[in-house]
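A short worksheet on the structure shown next.
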Amino acid sequence: MRIKSIRAFRRNLALTKPYMIAYQTTSDVENIFLKIELENGCIGLGAANPSVEVVGESPEQTLQNLQSDWIAGLIGRDIRHFYTLIDEAHHQFPNRPGTLAALDIALHDAFGQFLGIPVMQFYGQKIQSLPTSVTIGIMNVADTLVEAAGYYSLGFRVLKIKTGLNVVEDSERIIKLREIYGHNMTIRVDANQGYSLADLQHFLAITHSANVELIEQPLPVGMEHELLTLPAEVRQLLAADETLKGPEMALALAHKPQPFGIFNIKLMKCGGIRAALDIATIAKPANISLFWGCNDESRVSIAAALHAAFACPNTHYLDLDGSLDLAEDVVSGGFMIDDGVMRPTAGAGLGLQLLSESVE
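Quick note on our numbering: the sequence shown kicks off at 1418 and runs consecutively.
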């Protein structure tokens, strides 16, 4: 079955509310979409929202790449060879994970529909459902508690708290949340490279009794060696995020002694499902747990990450809330969330339904 047409388009998706992390405030997000139509009418959808700060690729560059003559040259190629097409794209667009992610996801979606099965079943589904965390940006204690109460009322029981600007204020927010919710709420922390080693040690000491489940990327990229001074039991709670961009870094981080006990895999960092599964394969024999994350993304790429996550036995954590604060999207379907627990729909491919493809 051959590819009939390919089209890339851009949509700027507004957020229902802005949020702050350690290095920026965000109020809307630009997503790039890719539509691949097969000769039998099946439509595969891909999406990308790469972060310039993390991977050095902008959405504008992603769109230009996806509208290139090379991408157009995929028309007429056989979808059954989608692994080969992904490999060729990696050679054509090195160090462009947003471009690769959009193409990889669209090809997976089209291929799954061609087979008539969900993508995760093609790889072998290992997990049926998991709770996702929902993210609270950097704000004062009172506002943090208001947001937490709102999420709790919606059934969510896992919070990820953005930190990294002030250790004392960060710690106070965590302690207050634990006082209010006791054992009824799981608390995760994402410092977004905002701490020094001394800051991290101070945070760990203050919040020791608060039972923080994990801490994402506490130190800046390049400072991973400093984490090796921490006890092994502490490092098991640390998740590599911005440090972990692809399989090559995963291999380096898997060597003992390991600075991180958890890998945060994002399709926008590594370049799609295939590369994500390569990272997962490296992590498994190294006894490193998988934590699947995202940017502010369409349901298209969130569904893709969920399918990849559920094909991996060492997936322990989800942080796939990236589409929940979007005021609009171009698709429906892909996954369901009930009381904070995520599960994919049973549809073929990624189980998506296209609502709109208008270009700004």
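For every residue, glycine included, the Cβ atom is placed at its ideal position computed from N, Cα and C.
Under a CB-based cut-off of 8 angstroms, is L1741 close to chain C?
As a matter of chain content, chain C is missing from the structure shown, which is built from one protein chain.
For Q1675, does the count of other Cβ atoms within 10 angstroms reach 16, so buried, or fall short, so exposed?
That one is buried.
Looking only at DSSP bridge pairs, what is M1753 linked to?
R1760
Any idea if E1456 is buried or exposed, counting beta-carbon neighbours within 10 angstroms, 16 or more meaning buried?
Taking every protein chain shown into account, the CB of E1456 has fewer than 16 other CB atoms within 10 angstroms, so this residue is exposed.
How would you write the range of the beta strand (DSSP E) that H1498 sits in, first residue to last?
Note, H1498: premise wrong, no beta strand (DSSP E); not H, not E.
Which term fits K1662, buried or exposed, when burial requires 16 or more other beta carbons within 10 angstroms of its beta carbon?
buried
Does N1681 pass the burial test, meaning 16 or more other C-beta atoms within 10 Å, or should it be called exposed?
buried
Report buried or exposed for T1552, applying the criterion of at least 16 other Cβ atoms within 10 angstroms of its Cβ.
buried
Between L1451, L1771, Q1770 and G1764, which lies nearest to F1539 when the distance is taken from Cα to Cα?
From the listed residues L1451, L1771, Q1770 and G1764, the smallest Cα separation to F1539 is found for G1764.
From this set, L1582, M1418 and I1604, which residue's C-alpha is nearest I1592's C-alpha?
I1604
Pop quiz: K1577 and S1550 are said to be a contact at Cβ under 8 angstroms. What is the actual Cβ separation, rounded to whole angstroms?
4 angstroms
Between L1647, L1462 and F1531, which lies nearest to A1615 when the distance is taken from Cα to Cα?
The shortest C-alpha separation from A1615 is found at L1647.
Going by C-alpha to C-alpha distance, which of F1620, D1445, T1732 and A1465 sits closest to L1517?
A1465
Provide the residue span of the beta strand (DSSP E) that contains F1680, from first to last.
Residues I1679 to I1682.
Own chain, CB closer than 8 angstroms to D1742, minus 5 neighbours either side, in chain order
Once the five neighbours on either side are set aside, the close Cβ partners of D1742 are L1432, T1433, K1434, Y1436 and D1713.
For L1571, does the count of other Cβ atoms within 10 angstroms reach 16, so buried, or fall short, so exposed?
exposed
Residue from H1619, P1476 and Q1542 whose Cα sits closest to the Cα of E1589:
H1619
With a 10 Å radius around its C-beta and 16 neighbouring C-beta atoms as the bar for buried, classify H1724 as buried or exposed.
buried
Tell me, to the nearest whole angstrom, how far the beta carbon of I1522 is from that of G1689; I am working on the premise that it is less than 8 angstroms.
6 angstroms
Specify, as a first and last residue, the run of the beta strand (DSSP E) that L1769 falls within.
L1769 to L1771
Simplified DSSP state of R1513, which is helix, strand or coil
coil
Mind checking T1660: buried by the 16 CB within 10 Å criterion, or exposed?
buried
How do the segment 1470-1489 and the segment 1698-1711 stand: do at least 3 beta-carbon pairs fall below 8 angstroms, yes or no?
no
Helix, strand or coil at Y1598 according to DSSP, with G and I counted as helix:
helix
Considering Cα atoms alone, identify which of G1766, I1623, K1686 and I1696 is closest to P1664.
I1696
Y1734 bridges to which residues according to DSSP?
F1708
Those runs of the alpha helix (DSSP H) which lie wholly inside the segment 1625-1683 and span at least 4 residues
1641-1644, 1649-1652 and 1664-1671
On the CB-based measure, 16 or more other CB atoms within 10 Å of its CB, does S1397 come out buried or exposed?
Limits of the chain in this structure are 1418 at one end and 1777 at the other, which puts residue 1397 out of reach.
Pick out whichever of V1585, A1700, E1643 and L1594 has its Cα sitting closest to the Cα of L1670.
A1700
Where does A1786 land, buried or exposed, given buried means 16+ other C-beta within 10 angstroms?
Residue 1786 cannot be examined here, being either before or after the span of the chain that is shown, 1418 to 1777.
With a cut-off of 8 angstroms, do at least 3 Cβ pairs link the segment 1498-1510 to the segment 1522-1534?
Yes, the segment 1498-1510 touches the segment 1522-1534.
Give me the Cα-Cα distance between V1575 and I1544, rounded to the nearest whole angstrom.
18 angstroms
Would you give the residue range spanned by the alpha helix (DSSP H) that D1616 belongs to?
L1614 to I1623
Report the rounded CA-to-CA distance for V1558 versus L1451, giving the unit in angstroms.
41 angstroms
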